[in-house]
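K.L.:
In our numbering, the protein residues as written are 213 to 265. Using N, Cα and C, we set each Cβ at its ideal position, and we do this for glycine too. Just so it is clear, the structure is predicted and the values come from calculations on it, not from any experiment.
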Amino acid sequence: MPSVVENIIRVGEKMPGKRAGTTAYYEAENNVTVITDAATGRVVTVSSGRIKQ
213 MPSVVENIIR
223 VGEKMPGKRA
233 GTTAYYEAEN
243 NVTVITDAAT
253 GRVVTVSSGR
263 IKQ
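1. With H, G and I counted as helix, E and B as strand and the rest as coil, what does DSSP make of E239?
2. Going by CA-CA distance only, name the one from P214, S259, R262, M227 that's closest to A250.
3. Please return the same chain residues whose Cβ sits closer than 7 Å to the Cβ of V216, not counting the five positions on each side in sequence.
4. How far does the beta strand (DSSP E) with I263 in it extend, from its first residue to its last?
5. Got a sec, what are the start and stop residues for the alpha helix (DSSP H) R222 sits in?
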């Protein structure tokens, strides 16, 4: 079973992050946003709610 973060990256709504070189993923069911480094895929931050992009 994938973690919440892994699941959000896999099935969440994908959008450009507000900082260059980042990608944001939002998933409404858990109301969580995950920000990743677009080049490496590493998780930069995780926050509850939708982060304004």
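P.N.:
According to the data block:
1. Residue mapping note: residue 239 aligns to position 27 of the sequence shown, counting from 1. Note: E239 maps to strand in three-state DSSP.
2. Here residue 250 refers to the residue found at position 38 of the sequence shown. Comparing Cα positions, the closest option is M227.
3. By 1-based counting over the sequence shown, the position of residue 216 is 4. Excluding sequence neighbours, V216 sits near N242, V244.
4. Position 51 of the sequence shown, counted from the first residue, corresponds to residue 263. No beta strand (DSSP E) contains I263, which DSSP labels as neither H nor E.
5. By one-based count along the sequence shown, residue 222 stands at place 10. That run of the alpha helix (DSSP H) goes 216-223.
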